[in-house]
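Colleague:
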Amino acid sequence: MSRTWFLGSLILFLLLAGLVALRGTLVALAIPLLLYLLYGLWFGPNDVRLEVQRDLSAERVAPQTPVKVRVTITNRGDDLEELALEDVIDPVLTVQDGSNHHLISLSKNKGFVFEYTMSGPRGGFPLETVHVEAGDHLGVLRTIQDVRTFGQLFVFPTVARLKQVPIRPRRTRVYAGTIPARVGGTGIEFFGVREYQDGDSPRHINWRVSARSAENLYANEFQQERVADVGIVLDGRERSNLFIGRHSLFEHSVLAAASLADTFLARGDRVGLLVYSRYLQWTWPGYGKLQRERILHALSRAMPGVSQIFDGLQYLPTRMFPPESQIVLVSPLVEDDYSTLIQLRARGYQVLVVSPDPVTFEEDHLPRRTAEYSNSEIRLAARVIRMERSLMLKRIQRAGIQVMDWNVAQPFDQAARRAFARQIQAGSRL
Amino acid sequence: MTLFALIFSIALGIGSLAWGYDQVGLLQFTRWIILFGAVWLFAVWQRWRWFAYMGLVFNFLAAAFGLWFLNFTPGWMFAGAIGGLMAWDLTFFRHRLRFAASDEERRAVETRHLVRISLLAILGFGFASVAMILKLQFNFEWALLSAIVAALGITQIVSWFRRRS
C-alpha cells in the first residue's frame, strides 16, 4: 500500500470515528494528517521528464583501469523538490572517486551534472539505466523511473606480447605469412633443389649441385611461408577451472587466450575463438584488427559455467575448424580430455595445448595449515596429483601434441618464451 | 541530524501519550505505551522501517481512544499523534538519504525536509494549544513542551533562511 493510501485510510477512519462519536476533537486529530497529505499532493511531481546523457572517458579499458563517467540530467518536466538519482552499474564495478548516486532538488529546465570514477575486473558491462525517484520533500507522492540510456564498458583481458609461437599446421592458406607451408617457393628456410627454370634468380643457383651435372643448372628452392587457420579453444568448464576465494584459474586462461590470439593476428593468421563453457560461444575466424576486437569482446564476456552436455571435451565441434588447421586449446585439462586430444590429432589437426597448472595454483592459494590436514600431508597430496598430471601431459606429448605447462605464478609471456624457445631448439616436428 | 529528530519525535509522541494517560491515573496503559516506545526505538536501531507504520497507527489510535472514550486533555493526545507522524515521516526520509553523495548534499536535503516537518509540528502544536486554551487546560507542562517544539522548529527555519540568503 502506498503512503498516500495509508494516510488517506487513517484520515477516513478518524473522520468516521468523529462522526460516529460526534466528537470534534477526533475530526481535528485528522487535520495534521490532512495537512501532510495535502502538502504531498500539492508539491508532488505530476510530470517527471528527465533527459539523461552519460559520457565515458573510455569504453574499452584494461582491468582495474579508472574510467571517468559524466552524467548530465536535464529536467524537462515539473519542478522536482526531491530527486534521488542512481546511475546503475554492475555490482562488480567499484566506484573509486565521486559517487554514482545523488539526492538533489531540480527545478524545471535546469540541469545537474555529476561525475565519478569507476574501475572493475574483466567483463562486458552494459550501462543502460539511471534509476530515478522523484517526489515532494515529505515523500508522499513518489514517482520511480528507470531512464534508459545507451552505454557500455568493456574491460578487456590483459594482453601479453609474445614474440613467437611455433605452430606448424599441415595446411596453410594462400597468403604470405610466417608459417612454413611445406611447399617450395620463395621464402627463407631451405626446402630443396630443383632444375633451374627461366625466371629464377641467378643468386639461387646451387653451384655445387650444378657442377655435378654437365647439362643442367640447379637452383635452391625455399619453403614458402604462409598464413594459417588457427582455432583457439578456451576451456571454461567449471570442473576444470579452479576457484579459490576470489581467485580463478579461468582468468589466467583468458589472459593466455587473448595473448595467443593477439600474436597470431599480428602475424597475419586467420583466427577464430571458441569458448567451451556452459554453452559454445563461437567467434568466426577472421583477420586483422577488427577480428582482434571481436575476440577481445568475446573474451571480456567469457564466463566459466557448468553444463551437463559440455562436461567433457568430446563435444568439441571440430567441423567448425578447417581441416588440418591449427587448434590451440587453453585448458587446465582433466583426466578424460586425453582421448579427445588424441582424436583431434588423428583427424589431422595440429594441436597446441596451453595448460595453466591447477596443482600449483591450488597449492599456492591453500591456507598453510587446515584443521584436517597438516602441511606435510598437503605437500604429499600435491606431489601425487602433480605426478599424475605430469604423466598425462607426457602421454599427450607422445601423441605429437605440443604442450605448454604453465605455472600461473609466472607471467604468461615469460613462461611462453621459455617453453616455446625450448621447443624451437629441440626442433620438435609438429 | 535526522536521527536526532527521529528519536526526538518518538520520545515526543510516546512521552505525550504516556503523560496524558498518566494524568488520569491509567498507569497500566502508560506502561504499555512506554514499552511500545522502547520497541520503536529498538526498531529504529535495527532499521525496521515497516515498524514505523505500526508506530503511526498506534499513536493515532491511542490518541483517538483517549479523546473518544476517556475524554482526555486534547493537547497531549494531539502531541502524541503529531510525534508519531513526524517519526513515521523521518523513518522513511532517513532511508531516502542513502542516495546522498556527500555530507554537504545530505545536509542541504536534511535542512529542507526538517524545515517542512518543523512547520508541520509548529502548526499542529499551535492548533493543540488553541484546543487546550479553549478547554482551559493550558498548564505549565504543556507550555514547556510547546516551547521546546517551537524553539527546535524555529531554529530549523531560521537556519534554512540564513542558508538561502
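Here the protein sequences line up with chains A and B, keeping their order. Residues in the first sequence are numbered from 786 upward in steps of one, following the working numbering. Residues in the second sequence are numbered from 2 upward in steps of one, following the working numbering. The C-beta atom is built at its ideal place from N, Cα and C for all residues, glycine as well. Computed from a predicted model, the values in this text were never measured in an experiment.
Candidates Asp983(A), Gly984(A) and Asn1005(A): which alpha carbon is nearest Trp992(A)'s?
Modeller: Asn1005(A)
Colleague: Leaving out five residues before and five after Gly936(A) in sequence, what residues of the same chain have Cβ atoms less than 6 Å from its Cβ?
Modeller: Arg839 and Leu912
Colleague: Quick check on Arg1214(A): buried or exposed, where buried means 16 or more other Cβ atoms within 10 Å of its Cβ?
Modeller: Unreliable positioning characterises Arg1214(A) in this predicted model, as indicated by a pLDDT of 46, which lies under 50. The coordinate reading is nonetheless provided below. With fewer than 16 other Cβ atoms within 10 Å, it is exposed.
Colleague: So what does Gln24(B) bridge to, in DSSP terms?
Modeller: None, per the DSSP bridge assignment.
Colleague: Quick one, are the C-beta atoms of Ile750(A) and Leu1137(A) less than 9 Å apart?
Modeller: Since the first residue shown for chain A is 786 and the last is 1215, residue 750(A) is missing from the structure and cannot be characterised.
Colleague: Could you run through the stretch 18–45 of chain B and flag, in chain order, every residue whose CB is less than 9 Å away from some CB of chain D?
Modeller: In summary, chain D is missing from the structure at hand, where the protein chains are A and B.
Colleague: What would DSSP say about Asn60(B), mapped onto helix, strand or coil?
Modeller: Residue state for Asn60(B) is assigned as helix, using DSSP reduced to three classes.
Colleague: Which residues in chain A sit within 8 Å of Arg117(B), going by Cβ to Cβ distance?
Modeller: Here the neighbours are Tyr824, His922 and Leu923.
Colleague: Here's the rule: buried if 16 or more other CB atoms are within 10 angstroms of the residue's CB, otherwise exposed. What is Gly26(B)?
Modeller: exposed
Colleague: DSSP three-state call for Asp1047(A): helix, strand or coil?
Modeller: DSSP places Asp1047(A) in helix when its eight states are reduced to three.
Colleague: Does the Cβ of His96(B) have 16 or more other Cβ atoms within 10 Å, making it buried, or fewer, making it exposed?
Modeller: exposed
Colleague: Report the residue from Glu1120(A), Gly1016(A), Tyr960(A) and Arg1164(A) whose alpha carbon sits nearest the alpha carbon of Leu1101(A).
Modeller: Gly1016(A)
Colleague: In whole angstroms, what separates the C-alpha of Phe93(B) from that of Gln24(B)?
Modeller: If you draw a straight line from the Cα of Phe93(B) to the Cα of Gln24(B), it is about 32 Å long.
Colleague: For the beta strand (DSSP E) containing Ile990(A), name the first residue and the last one.
Modeller: Counting along the chain, Ile990(A) falls outside any beta strand (DSSP E), and DSSP gives it neither H nor E.
Colleague: Which value, in whole angstroms, describes the spacing of the CA atoms of Leu792(A) and Leu153(B)?
Modeller: The straight-line gap from Cα to Cα measures roughly 26 Å.
Colleague: Does the stretch 1105–1119 of chain A come close enough to the stretch 944–962 of chain A that 3 or more CB-CB pairs lie under 8 Å?
Modeller: yes
Colleague: Could you please give the first and the last residue of the uninterrupted alpha helix (DSSP H) stretch that includes Phe949(A)?
Modeller: The sequence shown places Gln at residue 949(A), not Phe. Here Gln949(A) belongs to no alpha helix (DSSP H), and DSSP marks it neither H nor E.
Colleague: Quick test of the definition: if touching needs 3 or more C-beta pairs under 8 Å, does the stretch 1172–1181 of chain A touch the stretch 1050–1065 of chain A?
Modeller: no
Colleague: Between which two residues does the alpha helix (DSSP H) harbouring Tyr1166(A) extend?
Modeller: A quick correction: the sequence has Ala, not Tyr, at residue 1166(A). That run of the alpha helix (DSSP H) goes Asn1160 to Arg1183.
Colleague: In three-state DSSP terms, what is Arg1214(A)?
Modeller: Caution is warranted here: a pLDDT of 46 is assigned to Arg1214(A), below 50, making its placement in the model unreliable, and the coordinate value is therefore given only provisionally. Coil.
Colleague: Check the Cβ of Leu799(A) against every Cβ in chain B and list those closer than 8 Å, keeping chain order.
Modeller: Phe61 and Ala65
Colleague: Can you pull the chain B residues whose beta carbon is under 9 Å from the beta carbon of Tyr821(A), in chain order?
Modeller: Under the 9 Å cutoff, chain B gives Leu86, Asp90 and Leu121.
Colleague: Give me the chain A residues within the contact set of Arg113(B), using Cβ-Cβ distance strictly less than 9 Å, ordered along the chain.
Modeller: Glu866, Glu867, Ser890 and His922
Colleague: Fully enclosed by the stretch 846–880 of chain A, which beta strand (DSSP E) runs are 3 residues long or longer?
Modeller: 852–860 and 865–872
Colleague: Here's a check: name, in chain order, each residue in its chain whose Cβ is nearer than 6 Å to the Cβ of Leu4(B), leaving out the five neighbours to either side.
Modeller: none
Colleague: Please decide whether Phe6(B) counts as near chain A, where near means a Cβ-Cβ distance under 9 Å.
Modeller: With the sequence shown as reference, residue 6(B) is identified as Ala, and Phe is not the correct amino acid for it. Closer than 9 Å: no.
Colleague: Check whether the stretch 970–983 of chain A and the stretch 1060–1071 of chain A are in contact - that is, three or more C-beta pairs closer than 8 Å.
Modeller: No, the stretch 970–983 of chain A does not touch the stretch 1060–1071 of chain A.
Colleague: Compare the Cα-Cα distances from Ala961(A) to each of Thr943(A), Lys948(A) and Gln1009(A) and report the closest residue.
Modeller: Gln1009(A)
Colleague: Please say whether Leu91(B) and Leu7(B) have beta carbons closer to each other than 9 Å?
Modeller: Yes; because the gap between Cβ atoms is below 9 Å, this pair is in contact.
Colleague: Buried or exposed: Trp827(A), going by 16 or more other Cβ atoms within 10 Å of its Cβ?
Modeller: exposed
Colleague: What is the DSSP secondary structure of Ile1017(A), counted as helix, strand or coil?
Modeller: Residue state, collapsed to three classes: strand.
Colleague: What three-state label does DSSP hand Met1088(A) in the structure shown?
Modeller: coil
Colleague: What three-state label does DSSP hand Gln1111(A) in the structure shown?
Modeller: Three-state result, Gln1111(A): strand.
Colleague: Can you pull the chain B neighbours of Pro951(A), defined as C-beta to C-beta under 9 Å?
Modeller: Correct list: empty, because the minimum Cβ distance to chain B is about 55 Å.
Colleague: Listing by chain order, which chain A residues have their CB less than 7 Å from the CB of Ile158(B)?
Modeller: Going along chain A, no residue has its Cβ under 7 Å from Ile158(B), so there is no contact; the nearest lies around 14 Å.
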